[in-house]
Amino acid sequence: MIDVSQARTLAEARVREIEDPATPLVLTDPESPREFPWAWAFSYNSVRYLRTNAFSDLVPAGPIIVLKDGSDVWIANSAPPLEQWLNIYAAQHGLAPLPVPRSSPFS
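Okay, here's the thing in structure tokens:
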């Protein structure tokens, strides 16, 4: 098992892998990722969006998921609810499913 600090380092490394040099990316709340029983979810966006809050600077992507055992780091779909995407991954990898919120702004 890894701790949240190690997970943050893995999430930051994934951000470096996917960013375009012209559009630097950053974890938006690296000290407070969403925590699930078997993973952490780190949100990220462009540095420019965090400065301007302009829709045109927004990076439309789901969070970076880091498994608590450190075995995988992947990017979830951006459509809510996140638990739906985590459960698809869980079913494919033998992990416990998560409760899915009953209401969402898109249901």
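First residue of the sequence shown? That's 4 in our numbering, and the numbers climb one at a time after it.
All C-beta atoms, glycine included, are put in the ideal place defined by N, C-alpha and C.
Give me the DSSP bridge partner(s) of residue i.
i, result
"V62", "Paired residue(s): none; V62 is not in a bridge."
"D23", "T26"
"I78", "I67"
"A57", "The partner list for A57 (beta bridge, DSSP) is empty, contrary to what the question assumes."
"N48", "V29"
State buried or exposed for residue i, treating a residue as buried only when at least 16 other CB atoms are found within 10 Å of its CB.
i, result
"S2", "Nothing can be reported for residue 2: it is not among the residues displayed for the chain, which extend from 4 to 110."
"I68", "buried"
"F58", "exposed"
"A10", "buried"
"P36", "buried"
"A94", "exposed"
"Q27", "Residue 27 is actually Pro in this sequence, not Gln. Classification for P27: exposed."
"A42", "buried"
"E34", "exposed"
"R17", "buried"
"E86", "buried"
"S110", "Its pLDDT being 49, under 50, S110 is placed unreliably by the model, and the measurement read from it follows with that caveat. Exposed."
"A25", "exposed"
"A14", "buried"
Run through DSSP, which three-state label would residue i get?
i, result
"A99", "coil"
"W41", "coil"
"S8", "helix"
Report back the beta-carbon spacing between residue i and residue j to the nearest angstrom; my notes put them in contact at under 8 Å.
i, j, result
"A99", "P40", "6 Å"
"G73", "W88", "Incorrect: roughly 20 Å between the Cβ atoms, too far for contact."
"D32", "S46", "6 Å"
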